[in-house]
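2 protein chains.
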Amino acid sequence: MKVLINIFPKKEILDPEAKAIKKSLNNLGFNKINDLEKGKQILISIDENDEKNAFKYAEEMCNKLLVNSTIEDHEIIVLKDR
Amino acid sequence: MKVLINIFPKKEILDPEAKAIKKSLNNLGFNKINDLEKGKQILISIDENDEKNAFKYAEEMCNKLLVNSTIEDHEIIVLKDR
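Which chain is which? The protein sequence lines are A and B, in order.
Using our numbering, the first residue of the first sequence is number 997, and each one after it goes up by one.
Using our numbering, the first residue of the second sequence is number 997, and each one after it goes up by one.
Written as structure tokens, this is what we have:
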């Protein structure tokens, strides 16, 4: 079963990388950008057939390593049909 | 209008960062992982009300800066209701 984990910096956290990307786009002439956020996406294929267990397993990986919950928010999406 | 851009390394490209994450998870006792891919996600709020134009605008930004199409694949999702 595959789980997709989306990780974004919390809204109130300043993200210098997102700022740099926005500035580069502006410099290239893209002036219609109001806001830009950059996040990480981790797609994991887990050896687990139960949806709830897969979710729990992903949540545990997030808490133990993948997400820094002080500065990041995350969401877990279990991809059923894969 | 918001567009979400998902960027992943192409399947055939070796991704040392993904490998390192997988190894760290293994070291923490997570042994059910078959495969792990790491990608980027960029959420851009564009000053544009037409869905097709927003998509085109995002595509142009991908081609000019955001995506290295030699080693990365991308998909653009226009978020209609935001």
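For glycine and all other residues, C-beta sits at the position ideal for the given N, C-alpha and C.
Taking CB atoms only, Ser1041/B has a neighbour in chain A less than 8 Å away.
Taken through DSSP and simplified to helix, strand or coil, Ser1041/B comes out as strand. Among the CB atoms of chain B, one or more fall inside 8 Å of the CB of Glu1033/A. Lys1019/B counts as exposed, since fewer than 16 other beta carbons sit within 10 angstroms of its beta carbon. DSSP places Ile1003/A in the strand class (E or B) of the three-state scheme. When secondary structure is reduced to three states using DSSP, Glu1055/A falls in the helix class. Closer than 8 Å to the CB of Ile1029/B there is at least one CB belonging to chain A.
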